[in-house]
Amino acid sequence: MKFTVNGTELDTEPRPGQCLRTLLRENTHFEVKKGCDAGDCGACSVLVDGEPVHSCIYPAARADGHDVTTVSGLGTLDHLHPMQQKFVDAAGFQCGFCTAGMIVTASTFTDDDLDDLPNRLKGNLCRCTGYRSIDDALRGTRNTEQVVEGASCGRSQRAPAAARVVTGVERYTLDTQIEGLLHIAVLGSPYPHARILSVDAAAAEALTGVHAVLYHRDAPATAYSTARHELRDDDPDDTYLFDRIVRFRGQRVAAVVAESTTVAQRAIGLIRVDYEELPFVLDPDIARGPGAPLLHADKGPESRIADPGRNLVAELHGETGDVDTAVAAAEVVVQGRWDTHRVQHTHLETHGAIGYLDDDGRLVIRSSTQVPFLVRDELCHIFGLARDRVRVFATRVGGGFGAKQEMLVEDVVAAAVLRTGRPVQFEFTRTDQLTIAPCRHPMRVGVTLAAGSDGILTALAIDVLSDAGAYGNHSAGVMFHGCTESIAVYRSPNKRVDAHAVYTNNRPSGAFRGYGLGQVIFAVESAMDELAVKLGVDPYELRRRNIVVPGDPLVAAHPEGADLMYGSYGLDQCLDLTERAMSRSGGAPAPVGDHWRIGDGMALAMIATNPPNGHIADTSIELLPDGRFVAHVGTAEFGNGTTTVHTQIAATELGTVPDRVEIRQSDTDVTTHDTGAFGSAGTVVAAKSLLAAARELHHRMAKAAAELTGTDPDAAELTPDGVRCGDTLVTPAELLDASGGRLRGEGRHGGLPRSLCFNVQAFRVAVDVRTGEVRILRSIQSADAGTVLNPEQCRGQIEGGVAQAIGVSMFEELITDEHGRVTTDVLRNYHIPQYADLPRTEVYFADTFDELGPMGAKSMSEAPFNPISPALANAVRNAIGVRPHELPLSRDRVWRLLQNATQS
């Protein structure tokens, strides 16, 4: 058949049943993305004869004789389409994976459509932005600038990749064509717990096009964790590439490596596996009790599991003072249990990787990962390879939110490449993401607060039960982190923490934005709100009486170490900013009718600016003869905006403009080491390292110029054209000639000590007492981000965190049946927020300068997420007079709250 794509005729024959998306990508139109392959997300949107369609459900055969336009056909890097330019100017993207489809759809809008965006944008989802910047783009609002002179830090410099993202030429993980590429399909366990007795793969291996079938006979005898941290001993070694025992439904049993995914899937159906079903347990409370089925009883102390005989991945216990005595003597006590649920990250780019052997026979993995260096090191551990024989790199990553701090596909890809010698690709489907990829840890959190009549806390205790799922992954770290800043933010002479992370036969839990704090803060801040209600004290005032201030010790289960300190402090400002904003007029009007109840709620959160135990970044930056600079940074860009901030910091220090700084990043070949882009470390660790490298290069350039001119190096001024010494300008070429042909600076930062950042969120909601519907009328967040290096970008991070947390708090829920089967297995049944679901959040910044951060900055990626759930729940409590104790705050749950209150 023949049709045109972006004005060029394409003569091809689609396979029976093939969709237009895959046909376009097979013809190198990688700007057409896969987010769901079910018509739910819009990442694949293209125009057919000028009308937007989801190409993942549009039959390829129907394109015969028609004109297809992708985002790359709308405009080019040199001549952007007006809508592409609007997205650049407004910073209408973060990771950018949804952007191509979003722009294609938006390119058809008329002015009248701007009044109907909730309907017109319902087919295009964005997980990162919260839609405010997208709305700004559609309305032509300019939020960014291209800095052409002066210091760029503190200004809303546009992202270096902006034009490439909006034209679709920016490459993501699988946006490449490799000759002879093989594909992987995986056979998952049909049982939540079983022993594999035998595998018969003969028929699958005999199928034409199959190159290998891998299962436990092919797995290295090396245990590992899919979680990645700087210290690999932080996580239990409880996982094998393929295991003889499967511990959750969908766990991989075998992998087929074949010429196509179609052949690989056909071969999967030919594998015969004989299982012995084993008893299973899905409730973590039952799992830690006597007589429960044991998941990892075969593991020894080398696995670093706290107690395999009780299904305990990890536990934490600590007390300062005497909580029980303080509670007995208290004038006011609040006690309760709050439950959080299982949710998915839902980054639009699914997990995926391509592996191959380079010309030197070295294993190369191109992966959608936040941690390329840690993945490389673990692959070396598993397969017994030297570090110089493995390269791992990431292109632009289509969202992560912690999920890609996990090694889920790279291990099996490496095994397939080493087995076949051929390039191999493995890509998760959206159903894989929803059913087998790690999720946020469900937690049950008991809180006890005791206070005097003045509201001053005399005791604070938490009891946390965390569902690790079938493998330990991040469970120890999530538990420890969740139990730290959540209560360290409050002063109390008596504190106690009891926490267990427990194995169950549910799908594994993993790293998720907030890393445990969101779950525990939901409980603690709800309890604090109930204490305010009991005392008749304003909730802001109650916090002011109890929050830590500089000079106070930071105490959780135990006093925190010297590595965590007050580099700056803006929590008091955040409380003031939020309270004042809520007192002013604004937000959506309250709906009409006496069945609506209006309520306000607030909550606060504190978080360390980066993870404990060290977070290392090695960087370098080098002067080029034409006056440009090239920086080598290990951290990945996945919508966190670190690449933009890195260019701004380097440009400001070196007296140039951002577009003269090139960042080469996220590749184990470009620098010595980088722990990774997690824990909000991209600014406070990697950028601080790059600032050190830029300062060293600044010093060397000034010294070289001073020696050439006989002047004082301290008086040298770096400019975009060279170094000015008095009336003399020394050009970059002259500097390099005088320095043996190379001028370079190197930096390293180990992530310690760490500072603290703070966020305060407030909501006004309306609740329909007939149906349980909750409408957000107003959303406000104040943040202590230190020096705000890029105001528009930092604002976008906050809005995105609020938006994701609203989804988690109100709509999203992974539902598992009594047999461990996830029933919410397609995106349309897992409700991430659409444009119509979200308010416009007002963002305010505290005025602080952090002594520990680069140029006074702090991190602001995870922090905005953490206070959202309790602030919403507290607003609902204020509206209806009944306290929510579980998430999400869906209509049915709120309705039941109201019904139970009425009946009681």
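In terms of numbering that gives the first Met the number 0, the sequence shown opens at residue 0 and continues consecutively.
C-beta: ideal position from N, C-alpha, C; glycine also.
Note that the structure is a prediction, hence the values are computed from the model and not measured.
Burial state of residue i, where buried means 16 or more other Cβ atoms lie within 10 Å
i	result
G33	Per the sequence shown, residue 33 should be read as Lys rather than Gly. K33 comes out buried.
A411	Per the sequence shown, the amino acid found at residue 411 is Val instead of Ala. Counting Cβ neighbours within 10 Å, V411 comes out buried, since at least 16 surround it.
Q803	buried
V299	Checking the sequence shown, residue 299 turns out to be Gly, not Val. So G299 ends up on the exposed side.
P289	exposed
G681	buried
H818	exposed
G908	Residue 908 lies beyond the range of the chain shown here (0 to 903); nothing can be said about it.
G149	exposed
N310	buried
D88	buried
R227	buried
G16	exposed
P235	buried
Identity of the residue in the options nearest residue i by Cα
i	options	result
S367	V389, T339, V669, A402	A402
G475	T143, G771, R303	A small fix is needed here, since residue 475 is Ala in this sequence, not Gly. Comparing Cα positions, the closest option is R303.
L502	P441, V523, R544, G513	Sequence check: residue 502 is Tyr here, not Leu. Of P441, V523, R544, G513, the residue nearest in Cα terms is P441.
G153	Y190, F848, L888	F848
A487	T671, A460, L788	A460
P866	V519, L417, T786	V519
P719	L755, T670, V660, A761	V660
V801	N758, E812, T457	N758
M406	L373, I244, Y565, D232	L373
R216	A203, T21, L240	L240
D174	D39, M0, N26, G560	N26
T225	D297, H380, T261	H380
G64	D48, C55, I56	D48
L516	V389, V477, Y274	V477
N142	L886, V532, G795	G795
H697	P657, A510, A649, T221	A649
R571	G320, A845, V326, N505	First, the residue type needs correcting, since residue 571 is Asp and not Arg in the sequence shown. Closest option to D571, Cα to Cα, is A845.
Beta bridge counterpart(s) of residue i as assigned by DSSP
i	result
Q93	Paired residues: none, contrary to the question.
H316	D497
P159	Note: P159 sits in no beta bridge, so no partner.
W337	V444
K1	D10
T815	V821
P437	The partner list for P437 (beta bridge, DSSP) is empty, contrary to what the question assumes.
R390	V363
F844	A782
Own chain partners of residue i with C-beta closer than 7 angstroms, once the 5 adjacent residues on each side are dropped
i	result
F425	I183, G351, A352, V408, V411, V412
G398	C94, F96, R126, C127, H346, L347, E348, F637, G638
H594	D767, V768, R769
T419	L181, H210, A211, V256
V684	N609, H614, A616, H748, G750
V70	E30, A99, I102, V103, T166, G167
R265	L206
R544	G454, I455
Nonlocal neighbours in the same chain, by C-beta distance under 6 angstroms from residue i, ignoring five residues either side
i	result
P558	P552
G598	V764, A874, N877, A878
A522	W337, V444, V446
E578	Y539
Y470	D237, T238, P507
R495	E318, V322, A460
V185	R251, A254
H344	F400, A402
Same chain only: Cβ atoms within 8 angstroms of residue i, ignoring 5 sequence neighbours per side
i	result
G41	G34, H53, C97, G100, M101, T104, G122, N123, L124
S259	H182, G208
Interface flag, residue i vs chain D, CB-CB below 7 angstroms
i	result
E706	Protein chain content of the structure displayed is limited to a single chain, and chain D is not contained in it.
Using 8 angstroms as the threshold, is the segment 553-561 in touch with the segment 585-595, meaning 3 or more CB pairs across them?
no
Please confirm if the segment 146-166 is in contact with the segment 0-13, defined as three or more CB-CB distances below 8 angstroms between the two stretches.
no
Count Cβ pairs between the segment 325-336 and the segment 446-464 that sit closer than 8 angstroms; are there 3 or more?
yes
Counting Cβ pairs closer than 8 angstroms, one from the segment 733-743 and one from the segment 621-629, do we hit at least three?
yes
Given 8 angstroms as the limit, is there contact between the segment 779-796 and the segment 706-718, that is, 3 or more CB pairs closer than that?
no
Counting Cβ pairs closer than 8 angstroms, one from the segment 722-736 and one from the segment 831-844, do we hit at least three?
no
Touch test, the segment 645-655 against the segment 686-698, Cβ-Cβ under 8 angstroms, three pairs minimum:
yes
Report yes or no: do the segment 105-121 and the segment 55-64 share at least 3 C-beta pairs separated by less than 8 angstroms?
no
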